[in-house]
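J.: Residue numbers (my numbering): 6 to 317.
Just so you know, even glycine gets a beta-carbon here, dropped at the ideal spot from N, CA and C.
Following this message is one structure expressed as structure tokens.
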């Protein structure tokens, strides 16, 4: 299978030029682990294109779609007055690596910060004002991203947690940390957002040796997997324990689950199996306390629209 690289190559060129304009240099070093793809390596693969069977390309393509999508979102807001707020995150990503299907190394992994700058780009694209917590000099008193707008008095906070562990208790721990982080902020209302991509690399979404008839099938599988993970947390800990986490806080009892996964589905135009990215944002209610406000729900709907439609 051959993936067209023309548009991707142009986008990567523009992304590199933008980084260079802000004195950010993407390092050119070799891979140092079986599933560690340095940012430089991924950019080069995007520009060169991919050839081989879907199964052969699973690791490379998984990392590449994340970088390609991030580049598209960053380029969309390159002329925004608040673009400089994104630079500390971009500096970390340029020096880091993308780990998706293997445990990360002992040192900090730039991929953990990808979702924060990604979401900030979506917010800027949607016309929102952002406060983006510094990636390495955080005081721990703010959510990772705070959004505001001239049309509303409320400030919406997002505490992002990347989940790698297969154990439900890890999700619970991250939920508790997210709520605590939010409570020390001046947000009006907030949500914990779980970046579940590392948990979603499975045959249910990328079938080994096969393909889906329609991309909607794996998209449903991603959403279902997110719901199953949160349901397990509630089942293992009991509803009373979960309610206690949210009671008396300004954190919604729903969790925003995010997954970015490649899949293989039949292209309706060619009838051939084609690799394509899935970008899924789904809300999972785990407590009836602190219902999500209408303005927050509308914001999430708008940001999901930006996520799906800004393609570079």
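1) Could you please give me the residues that DSSP links to residue 306 through a beta bridge?
2) Examine the Cβ distances between the segment 207–223 and the segment 260–271 and report whether three or more of them are shorter than 8 Å.
3) Just checking my contact of residue 137 with residue 78 at CB under 8 Å: how many whole Å lie between their CB atoms?
4) Once you ignore the five residues that flank residue 257 on each side, which residues in its own chain have a CB closer than 6 Å to its CB?
5) Relative to the alpha-carbon of residue 97, which residue among 130, 70, 139 and 73 has its alpha-carbon at the smallest distance?
6) For the putative contact between residue 66 and residue 280, defined by C-beta atoms under 8 Å, what is the C-beta separation to the nearest angstrom?
7) Residue 157: which of 315, 310, 250 and 303 sits nearest, CA to CA?
8) Taking residue 166 as part of the beta strand (DSSP E), name the residues at either end of that continuous run.
9) Determine contact between the segment 183–201 and the segment 247–257, defined as no fewer than three beta-carbon pairs at a distance below 8 Å.
10) Give me the residue from 248, 299, 15 and 29 with the minimum Cα distance to residue 91.
11) On the three-state DSSP scale, how would you describe residue 255?
12) From the DSSP output, in three-state form, read off residue 73 for me.
13) Which ranges would you report for the beta strand (DSSP E) in the segment 194–238 if only whole runs of at least 3 residues count?
14) In angstroms with no decimal places, state the Cα-to-Cα distance between residue 162 and residue 118.
15) In whole angstroms, what separates the C-alpha of residue 260 from that of residue 229?
16) With a CB to CB cut of under 7 Å and the five nearest residues on each side skipped, what residues in its chain are close to residue 85?
17) Could you compute how far the alpha carbon of residue 83 sits from the alpha carbon of residue 192?
18) Contact defined as beta carbons within less than 8 Å: I believe residue 227 pairs with residue 291. What is the distance between those atoms, to the nearest angstrom?
19) Go through its chain and collect everything with a Cβ distance to residue 22's Cβ below 6 Å, but skip five positions before and after it.
20) Taking residue 216 as the reference, which of 160, 244 and 276 has the closest Cα?
21) For residue 95, which of helix, strand or coil comes out of DSSP?
22) Note down, in chain order, each residue of its chain lying with its Cβ closer than 7 Å to the Cβ of residue 311, except the 5 sequence neighbours on either side.
23) In the DSSP assignment, find the alpha helix (DSSP H) that holds residue 175 and state where it starts and stops.
24) Please check the pair residue 150 and residue 125, which I expect to be a contact at CB under 8 Å, by giving their CB distance rounded to whole angstroms.
25) Between residue 289 and the rest of its own chain, which residues show a CB-CB distance below 7 Å, the 5 nearest in sequence each way excluded?
26) Near residue 183, what residues of its chain come up, given a Cβ to Cβ distance below 7 Å and the 5 sequence neighbours on each side ignored?
27) In whole angstroms, what separates the C-alpha of residue 200 from that of residue 316?
28) Relative to the alpha-carbon of residue 53, which residue among 17, 74 and 24 has its alpha-carbon at the smallest distance?
29) Out of 170, 283, 293 and 214, which has the shortest C-alpha to C-alpha gap to residue 203?
30) Which whole-angstrom value is the C-beta distance of residue 266 and residue 205, which I expect to be below 8 Å?
T.: Result, derived from the coordinates:
1) Residue pairing from DSSP leaves residue 306 without any beta-bridge partner.
2) Result yes; three or more Cβ-Cβ pairs closer than 8 Å.
3) Incorrect: roughly 14 Å between the Cβ atoms, too far for contact.
4) Counting only Cβ-Cβ distances below 6 Å, and skipping sequence neighbours, we find 196, 295 and 297.
5) It is 139.
6) With a Cβ gap of about 6 Å, residue 66 and residue 280 count as contacting.
7) Scanning 315, 310, 250 and 303 for the CA closest to the CA of residue 157 turns up 303.
8) In the DSSP assignment, residue 166 falls within the unbroken beta strand (DSSP E) covering 161–167.
9) Contact holds: three or more Cβ-Cβ distances are below 8 Å.
10) For the residues 248, 299, 15 and 29, the minimum Cα distance to residue 91 belongs to 29.
11) Residue 255 falls in the coil class under three-state DSSP.
12) Residue 73: helix per DSSP, three-state reduction.
13) 194–200, all fully within the segment 194–238.
14) Rounded to whole angstroms, residue 162 to residue 118 spans 16 Å at the Cα level.
15) For residue 260 and residue 229, the distance between alpha carbons rounds to 14 Å.
16) Correct list, in chain order: 129.
17) Straight-line Cα distance between these residues: approximately 27 Å.
18) For a cut-off of 8 Å, the C-beta gap from residue 227 to residue 291 is around 18 Å, too long to register as a contact.
19) Correct list: empty, nothing qualifies.
20) When only C-alpha atoms are compared, the closest one is 276.
21) Residue state, collapsed to three classes: helix.
22) The residues are 127, 130 and 131.
23) Residue range 173–188 is occupied by the alpha helix (DSSP H) that includes residue 175.
24) Rounded, the Cβ-Cβ distance is 5 Å, consistent with contact.
25) Scanning its chain for C-beta atoms nearer than 7 Å, with the 5 sequence neighbours on each side dropped, one finds around residue 289 the residues 231, 232, 235, 259, 260 and 262, in chain order.
26) In its chain, beyond the 5 residues on either side, 164, 166 and 197 have a beta carbon closer than 7 Å to the beta carbon of residue 183.
27) Those two C-alpha atoms are separated by around 20 Å.
28) Ranked by how close their Cα comes to the Cα of residue 53, the residues 17, 74 and 24 have 17 in first place.
29) Each of 170, 283, 293 and 214 was checked against the Cα of residue 203, and the nearest Cα belongs to 170.
30) The Cβ separation is near 5 Å, so the contact holds.
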